[in-house]
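What follows is a short report on a single structure.
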Amino acid sequence: MTDLQRAWLGVISAEHTQRAVSGGFVQLNHGKRFGVARLRLGDGFAIYSPTEQRGGKEPLRAFTALGVVADSEPYQAEPMSMGERGIVTPWRRRIEFLPVRRAGVREVELQLTSQPNWGYQLRRGLIPLSPEDFETLRAAMTVG
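So for the sequence shown, numbering that gives the first Met the number 0 puts the first residue at 0; every next one is plus one.
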C-alpha cells in the first residue's frame with residue numbers, strides 16, 4: 000500500500016463487518032449509493048465499529064477491518080431484507096480486505112482522533128481519512 004492518495008473510514012458494526020470481509024464488499028448507509036459512489040479504485044478503506052451489533056448498547060470502539068477499493072464503480076447486489084426498512088437492493092463496492100486484528104480506538108494515535116469531539120462526524124457513516132492515518136492503522140492492525 001504505497002503511494003496511497005485517498006482513504007476513507009466507514010462506520011459499520013463488527014457483526015456486519017464480518018459479513019463484508021467474508022464477502023469482499025462494503026455497503027454503507029443501509030445500502031444507499033451516495034457513500035459508496037465517493038470511493039475510487041485504489042482508495043484505502045478502514046472500518047470503525049462503535050458496537051459489536053447494529054443498534055447494540057455495549058460499546059466496542061474499535062477499528063475492525065482494513066482494505067483497498069478493488070473496483071471502479073458501485074454495483075447493486077441482490078435484493079435483501081433490511082428489517083424495518085423492508086426489501087432493498089443495496090449498492091456495494093468490492094474491497095480487497097487485508098488480514099488484520101482489531102485495534103481499539105485508544106491503541107492507535109491518529110490525526111482523526113486527536114481532534115475534540117472527533118466522533119461526532121462518524122454519524123455520517125463515511126468520512127475521509129488521511130492516508131497517514133490509514134498507514135498508522137495498517138501498521139497497528141497487520142497480523143504477523
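Where a beta carbon is used, it is the ideal one built from N, C-alpha and C, also for glycine.
#1: Classify arginine 101 as helix, strand or coil using the three-state DSSP reduction.
#2: Looking only at its chain, what residues have a beta carbon closer than 8 Å to the beta carbon of valine 104, apart from the 5 residues adjacent to it on each side?
#3: Counting pairs of beta carbons, one from the stretch 13–30 and one from the stretch 129–138, are three or more of them closer than 8 Å?
#4: Ignore the nearest five residues each way along the sequence and tell me which others in leucine 97's own chain have a CB closer than 6 Å to its CB.
#5: Classify arginine 39 as helix, strand or coil using the three-state DSSP reduction.
#6: Can you give me the start and stop residues for the alpha helix (DSSP H) that arginine 137 sits inside?
Reading off the structure:
#1: Coil.
#2: Hits under 8 Å: Tyr47, Arg60, Ala61, Phe62 and Thr112.
#3: The stretch 13–30, when compared against the stretch 129–138, does not touch it at the 8 Å Cβ threshold.
#4: The answer, listed in chain order, is Leu65 and Gly66.
#5: Arginine 39 falls in the coil class under three-state DSSP.
#6: Looking at the DSSP string, the run of the alpha helix (DSSP H) that includes arginine 137 is 130–140.
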